[in-house]
Ligand SMILES: Nc1ncnc2c1ncn2[C@@H]1O[C@H](COP(=O)(O)OP(=O)(O)OP(=O)(O)O)[C@@H](O)[C@H]1O
Ligand SMILES: [Mg+2]
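Residue numbers (the numbering used here), protein chains in the order written: chain U, -13 to 210; chain V, 133 to 500.
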């Protein structure tokens, strides 16, 4: 079952200005529910741009995007915010954690907007997810005191805490050594067994090989 | 519900900043109205003591002459329009029991003053009686000069001598006209140690200043060597001259401090807020809601500071000491001013926040 369907997507940054960048040039992509996909490409090829559009963080300049059958172009800002909260779990390039806060405060953020978990259930939910990622002991530690691998686990915990359908990870292993990177990939792959859809942007062919399918992007165009 | 949670997160994540701003603002909201009232607000409330609109267009003149004798001044000025007081010699009362010897000055009230100015408490007859002159005696000499009785008074000898019979109409207990426009501006003065006599001014009597009741400009008297202001000008100057420098200083200090605290704090906190907002956006927050909640937070801090300061000011006003040092009108004017300054101080940081690009915000700065 198609969960993501991109049709002729274009993205221009700074459109009409002197510094216009045509980052995506007609991307077509179909992702089925439960797939795991690696997006590969050199730096500047448009990987993050594509991921941001899939995750409704950024608007496309042109093209159609059907998410679970619904046309994203027709959604209001409020609806998009709800979609981001309910559908997607982001693992951001270079963690994107708030370093001065505790692990638990970082992980709690998606639940602030959650319609899936009532306030009374939220603490249990956080504990469950921290346990699953083996960082329960770090619950009250400030993020700035964690190692890279631990930070990435926190970032994944935050992405999973609201039980999203699709996990979007942008270079989740680029800052990690290969052993830790493997652990992280195992964590992500494990999610696939629970019916989640995984999309990982990576430079690392060893990481990409662990996923079901690899798509390559070059200068804003996808090659299969 | 979302909104409340965003607000809560925003407050808790900037708790220290919020407290610092709250304290600075409460402090300013107390200090500013107090000093504002003392230095600026009060100024517009009161006229000079004794000010009267009916004489506003006449000039008070200080006669800065080398020789201030009446006869000399008559050569330059039209002294028929002079409403004022001329001083002559001092008498030491023969009845005086004060060992240090208090001297009492003999002073003459000009005709213009008696005829054309409100008499205040000094009710001289407009026409001078035959055989004696009417006078008010020094307060301390009540025992010796009885109302209604006639006494001989004499100062100096020979050609300078002034000798007269005076009938006491009362005592110089209240203020009478004293027009001065030198370092200070006054309309009324104190004559407790004077004999105020309504008589022709002797040629050698000394005149320092007075009101010229004719239609001339201050420039005219200045050109004659005097120094003149209209009573209206004096009143305006008096009101602005009343500014209390010390409190004005406090006023400015409080505001400058306030601006610095808020500006610096908020500006530097904005980076952190930008990142947090970016993260919230990505995980389901709506941009406009995040920004709106930030405004609500800033307003909440302001409202809380107003409550705290209003209570303090309330206590100050309720404390009915010797004099009230602030009023509610002033307080609310100051609240309005501070709200504007607060908004201006926050704006720099706030613009930074309001323009946050969610993706940039989180990818650029991994460390805070
Ligand atoms: N916000 C932006 N404004 C302008 N240009 C941008 C912006 N973001 C990306 N670009 C440009 O779009 C192109 C694609 O960028 P993108 O970040 O998607 O590449 P990437 O494949 O993720 O690269 P990397 O591997 O370095 O992360 C690049 O040329 C980049 O300079
Ligand atoms: Mg990228």
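The beta-carbon is built from N, C-alpha and C at its ideal position, and this holds for glycine as well.
Asked, Found
"Beta-carbon contacts of residue -9 (chain U) that lie in its chain and below 6 Å, excluding the five residues immediately before and after", "16, 52"
"Contacts that residue 152 (chain V) makes with chain U (C-beta to C-beta distance below 9 Å)", "Those within 9 Å of residue 152 (chain V) in chain U number zero; the least Cβ separation is about 16 Å."
"With 16 other Cβ atoms within 10 Å as the buried cut-off, status of residue 75 (chain U)", "buried"
"Distance between residue 448 (chain V) and residue 454 (chain V) (C-alpha atoms, nearest Å)", "At residue 454 (chain V), the pLDDT of 45 sits below 50, so the modelled position is not reliable; the number obtained from the coordinates is stated separately. Their backbone Cα atoms lie some 12 Å apart in a straight line."
"Distance cut 5 Å, beta-carbon to ligand 1 heavy atom: residue list by chain order", "U:-1, U:7, U:9, U:29, U:30, U:31, U:32, U:33, U:34, U:35"
"Selection from U:50, U:97, U:-2, U:133 that minimises the alpha carbon distance to residue 73 (chain U)", "U:97"
"Cβ-based neighbour list, residue 364 (chain V), same chain, cut-off 6 Å, excluding 5 preceding and 5 following", "188"
"C-beta contact flag for residue 184 (chain U) and residue 50 (chain U) at 9 Å", "no"
"Where residue 160 (chain U) falls: helix, strand or coil (DSSP)", "coil"
"Pairwise C-alpha distance: residue 469 (chain V) and residue -1 (chain U)", "43 Å"
"Length of the line joining the Cα atoms of residue 120 (chain U) and residue 400 (chain V)", "35 Å"
"N- and C-terminal bounds of the alpha helix (DSSP H) containing residue 186 (chain U)", "Segment 183 to 187 is the beta strand (DSSP E) holding residue 186 (chain U); no alpha helix (DSSP H) there."
"is_contact[residue 415 (chain V), chain U] using C-beta, thresh 9 Å", "yes"
"beta-carbon residue 204 (chain U) near ligand 2 non-hydrogen atom, thresh 8 Å", "no"
"Outcome for residue 31 (chain U) when other beta-carbon atoms lying within 10 angstroms are tallied against a minimum of 16", "buried"
"Neighbourhood of residue 146 (chain V) by C-beta, 8 Å cutoff - its chain only, sequence neighbours within 5 removed", "401, 404, 405, 429"
"Contact set between the stretch 140 to 151 of chain V and chain U, restricted to residues whose Cβ is under 9 Å from the partner", "140, 141, 144, 145"
"Chain V contacts from the stretch 24 to 52 of chain U (Cβ-Cβ distance under 9 Å)", "34, 38, 41, 43, 44"
"For residue 183 (chain V) and residue 420 (chain V), the rounded distance between their alpha carbons", "59 Å"
"Where residue 357 (chain V) falls, given that 16 or more other Cβ within 10 Å makes a residue buried", "exposed"
"Per-residue DSSP class, three states only, for residue 157 (chain V)", "helix"
"Residue 159 (chain U) at chain V interface by Cβ criterion, 9 Å", "no"
"Residue environment, residue 370 (chain V), which counts as buried when at least 16 other CB atoms sit within 10 Å", "buried"
"C-alpha gap between residue 174 (chain U) and residue 26 (chain U), whole angstroms", "17 Å"
"Sequence-distant residues of the same chain with beta carbon closer than 6 Å to residue 46 (chain U), five excluded per side", "-5, -3, 39"
"Under 9 Å by beta carbon: chain U residues contacting residue 408 (chain V)", "84, 87, 95"
"Beta-carbon separation (whole angstroms), residue 441 (chain V) vs residue 329 (chain V), contact threshold 8 Å", "About 57 Å; that fails the 8 Å criterion."
"Strand pairing of residue 273 (chain V), partner residues [DSSP]", "DSSP, once it has assigned bridges, lists no residue as partnering residue 273 (chain V)."
"Near ligand 2: residue 187 (chain U) beta-carbon under 8 Å from a heavy atom", "yes"
"Within the stretch 346 to 374 of chain V, ranges of the alpha helix (DSSP H) (whole runs, at least 4 residues)", "350 to 355, 363 to 373"
"Assigned secondary structure, residue 296 (chain V) (DSSP; H/G/I helix, E/B strand, else coil)", "strand"
"Inter-stretch contact (C-beta, 8 Å, three-pair minimum) for the stretch 191 to 205 of chain U and the stretch 134 to 149 of chain V", "no"
"Span separating the alpha-carbon of residue 423 (chain V) from that of residue 11 (chain U)", "33 Å"
"Residues near residue 196 (chain U) in its chain [Cβ-Cβ closer than 7 Å; skip 5 each side]", "171, 175"
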